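Each residue of the sequence shown is one higher than the one before, starting from 376 at the first, in the numbering used here.
All residues carry an ideal CB built from backbone N, CA and C; glycine is no exception.
Predicted model, so just to flag it, every value in this text is computed and none were measured.
Here the structure is laid out as structure tokens; the discussion comes afterwards.
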Amino acid sequence: MKKRILLVIILTLLALPVLQSQFKLIDEKPLLGSFQKITSHFDDSLSVKSWLSGSLQSEADKQSEADLGFRNSLIRLHNQVDYSFFRKVNAEGVVSGSNNELFEEDYIRAYQGEFFVGEKVWIDKARKLKQIQDTLAKLNKTLVVIFEPGKGTVYHDRFPGSYAEKKKSTSNIEVFQSELIKNNVNILDLNNYFVQLRDKDPYRIFPKGGTHWSYYGAARAADTTLRFLKNITKHQIPLMTIATIIKHDEPRHPDADIWQAMNLIQAEPNDDLVYPVIRFESNVEPDLDVLVVGDSFYFNWQSDSIMYKAFKNCDFWYYNKHNWSRDGAEVAMVSDLNWKEEVVKRDLIIIMITERFHHNFAWNFDEQLYQFFYPVELDPVETYANSVRIYNDHFMRMVADAKVKKISLEERITLEAKYLHYLDITKNPNNFTSKEDHITFLMMGIRNTPEWLAKVKAKAIERKIPLDEMIRLDAEWIYNEKYGNKLKPS
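Laid out in structure tokens, this is it:
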């Protein structure tokens, strides 16, 4: 009898996943994060070719796994065991540090200088921002750059072993801030403010299980920001105070965004987080029309209606792509707006950015501003380099490839930019008709033709001049021989 009962139990357990898959007996909590959803059945690819290559079997395995009953719960159980017993995190780009501090790896990598794009970029950007700031000032408008805090900087002493042992090198913010200060550009360094605040404040300014500032930390940052803006603009900005703080049984979004992406069974810890009740001065009528270009750190301020109450009007251009209105609704794509009109009507323009995105700085908004006020012929190579830096997937490929090639990230991005420019010229030759365009094309041809390049190298050695100079001389000679004065000058 006992054997029969045991057999029934075993058969039931084996049948449960199939029954769950077909009838959804239990409503499972969905997995969070990025997953590739399989929408087509493997039968769709049934053929002799797919059978012989093994791709059919692979598709069948993927389909079986995707359709498995209790799949989500089994994944959560697997992740929980790994995390609880081995502190292993099964979420892409997430690591667990000391004191159970969770990090997105990119914040650590940015802090340690892995994303450093070279000094020249920041020297040029600081110079341009100064010119923009001065021009706006003549129009009674203000430009401010706000460096939001990053968990990599604020909790650099809690990195996991593999990162804690790694030597820090020059980071983008170190060079950029130095250049901005030299040029007297208006900046507010909330990153350093949070470093000073961390061990002095009794409450968490970053949640352990989150990547953004806590709501309390965001309120402290907002208070500092509004006082700073009121001082430099001399406009009417009602100041805020934290009237009281309250505790929640569960963290508010996004306080546990990293934890939730780990897909564990264990509920999100509240980390003793507190939530501020904010009061604004009632006798001050806001009079500033503001444009903010920034990242997701802004949304904590939006959720607590801080920008709504502090300014007469405030639009937020998320990644310089999505337009969010003052009342917190996404209303348009930035590309669909009258750009000139939107910029000119503002009293205050803020660029705010956190450390993992410093290489993406302003998502090209700063370059658009500069070109608007100072229209000049753009350097095509730098234009392509900037596009590589602001498009994060492309940028990350350059980071990985620079390591493989054992060259600096700056050099790898420059090579990529020159290659993209070369492709553009070959595909659209009618767009490149000046003397300089043709010389650039010839130089690229020399660099990309091994036999030709070898001859030019020999000339450079013979003349005892740098290779780049010799390539330029050869390209100019070919241009003059072929075109003379037939083409317009650059």
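Q: For Y618, name the three-state secondary structure that DSSP assigns.
A: In the sequence shown, counting from the first residue as 1, residue 618 sits at position 243. In the sequence under discussion, the amino acid at residue 618 is Ala, which differs from the Tyr named in the question. The answer is strand: DSSP assigns A618 an E or B state.
**Q.** Given Y797 as reference, the closest of L817, K781, I846 once Cα atoms are compared
**A.** Stepping through the sequence shown from its first residue, residue 797 is reached at position 422. Nearest in C-alpha terms to Y797, of all of L817, K781, I846, is L817.
Q.
Using the Cβ count rule (16 or more neighbours within 10 Å means buried), how would you classify R462?
A. As a position in the sequence shown, residue 462 is number 87, starting the count at 1. Flag for R462 reads exposed.
**Q.** Rounded separation between R822 and D647 - CA only
**A.** Sequence index remark: in the sequence shown, residue 822 carries index 447 (1-based). Sequence index remark: in the sequence shown, residue 647 carries index 272 (1-based). Their backbone Cα atoms lie some 59 Å apart in a straight line.
Q. Using a Cβ-Cβ cut-off of 8 Å (strictly less than) and excluding sequence neighbours within five positions of Q746, which residues of its own chain qualify?
A. In the sequence shown, residue 746 corresponds to position 371, counting from 1. Excluding residues within five positions, the ones whose Cβ falls inside 8 Å are L753.
(Q) Just to confirm before moving on: does the CB-CB distance between I580 and F569 stay below 8 Å? (A) Working through the sequence shown from its first residue, we reach residue 580 at position 205. Working through the sequence shown from its first residue, we reach residue 569 at position 194. I580 places its beta carbon less than 8 Å from that of F569.
Q: Excluding the 5 residues preceding and the 5 following S415 in the sequence, name in chain order all residues of the same chain whose CB lies nearer than 7 Å to its CB.
A: Taking the sequence shown and counting its residues from 1, one reaches residue 415 at position 40. A caution first: S415 carries a pLDDT of 49, below 50, which makes its placement in the model too unreliable to give a value.
Q: For L789, collect the residues of the same chain with a Cβ closer than 8 Å to its Cβ; drop the 5 residues on either side in sequence, then sort them by chain order.
A: On the sequence shown, position 414 is the one that residue 789 refers to. The sequence as given places Thr at residue 789; Leu does not occur at that position. Within its own chain, the residues whose Cβ lies closer than 8 Å to the Cβ of T789, once the five positions on either side in sequence are excluded, are V756, A760, listed in chain order.
Q. Where do the ends of the alpha helix (DSSP H) carrying R497 lie?
A. As a first step, residue 497 must be located in the sequence shown, where it is residue number 122. One point to set straight first is that residue 497 is Trp, not Arg, in the sequence displayed. Going by DSSP, W497 is part of the alpha helix (DSSP H) stretching over 494 to 513.
**Q.** Local conformation of W676 per DSSP, three classes
**A.** Along the sequence shown, read from residue 1 onward, the residue named residue 676 stands at position 301. Helix, per DSSP.
Q) How about V665 and P613: do their beta carbons lie closer than 8 Å? A) To locate residue 665, count along the sequence shown from 1; it is residue 290. To locate residue 613, count along the sequence shown from 1; it is residue 238. Their beta carbons are not under 8 Å apart, which means V665 does not touch P613 by this criterion.
**Q.** For Y486, the nearest candidate out of I846, K541, W497 (CA to CA)
**A.** Residue 486 sits at position 111 when you count from the first residue of the sequence shown. Cα-wise, what sits closest to Y486 is K541.
Q | Exposed unless 16 or more other CB atoms sit within 10 angstroms - verdict on N855 | A | For the purposes of this step, residue 855 is taken as residue 480 along the sequence shown, with counting starting at 1. Per the 10 Å Cβ criterion, exposed.
(Q) Taking the alpha helix (DSSP H) that L790 belongs to, which residues open and close that run? (A) Here residue 790 is taken as the residue at index 415 of the sequence shown, counted from 1. Taken as a continuous stretch (DSSP letters only), the alpha helix (DSSP H) holding L790 covers 784 to 802.
**Q.** N- and C-terminal bounds of the beta strand (DSSP E) containing T586
**A.** For the purposes of this step, residue 586 is identified with residue 211 of the sequence shown, where counting begins at 1. Bounds of any beta strand (DSSP E) do not take in T586, whose DSSP letter is neither H nor E.
**Q.** Given 8 Å, three or more beta-carbon pairs between the segment 533 to 540 and the segment 461 to 479
**A.** With a cut-off of 8 Å on Cβ pairs, the segment 533 to 540 is in contact with the segment 461 to 479, counting three or more such pairs.
Q: Apply the 10 Å Cβ neighbour rule to H531 and answer buried if 16 or more other Cβ atoms are within range, or exposed otherwise.
A: The residue given as residue 531 occupies position 156 in the sequence shown. Looking at its Cβ environment, which holds 16 or more other Cβ atoms inside 10 Å, H531 is buried.
Q. With a CB to CB cut of under 7 Å and the five nearest residues on each side skipped, what residues in its chain are close to P629?
A. As a first step, residue 629 is located in the sequence shown; it is residue number 254 there, counting from the start. Within its own chain, the residues whose Cβ lies closer than 7 Å to the Cβ of P629, once the five positions on either side in sequence are excluded, are G585, H587, listed in chain order.
Q: May I ask you to list the residues that DSSP assigns as paired with A707?
A: Position 332 of the sequence shown, counted from the first residue, corresponds to residue 707. Partner(s): N698.
Q: Would you mind reading off the limits of the alpha helix (DSSP H) that contains N805?
A: Counting from 1 along the sequence shown, the entry for residue 805 is found at position 430. Note, N805: premise wrong, no alpha helix (DSSP H); not H, not E.
Q. If you scan the segment 449 to 490 from start to end, which runs of the alpha helix (DSSP H) of 4 or more residues do you find wholly inside it?
A. The DSSP assignment places 480 to 486 as complete runs of the alpha helix (DSSP H) inside the segment 449 to 490, in order along the chain (cut-off: 4 residues).
Q. Is the distance from the Cβ of L477 to the Cβ of E523 below 8 Å?
A. Here residue 477 refers to the residue found at position 102 of the sequence shown. Here residue 523 refers to the residue found at position 148 of the sequence shown. No, the pair does not count as a contact, with Cβ atoms beyond the cut-off.
Q: Check whether the segment 597 to 615 touches the segment 549 to 559, taking contact to mean three or more Cβ pairs, one atom from each stretch, closer than 8 Å.
A: Three or more beta-carbon pairs separated by less than 8 Å are not found between the segment 597 to 615 and the segment 549 to 559, which leaves the two stretches without contact.
Q) Since D741 and L504 are thought to touch, with beta carbons under 8 Å apart, how far apart are those beta carbons, to the nearest angstrom? A) The residue you call residue 741 lines up with position 366 of the sequence shown. The residue you call residue 504 lines up with position 129 of the sequence shown. Indeed they touch by this definition, with Cβ atoms about 6 Å apart.
**Q.** Residue(s) in a DSSP beta bridge with N688
**A.** Position 313 of the sequence shown holds residue 688. The partner list for N688 (beta bridge, DSSP) reads D664.
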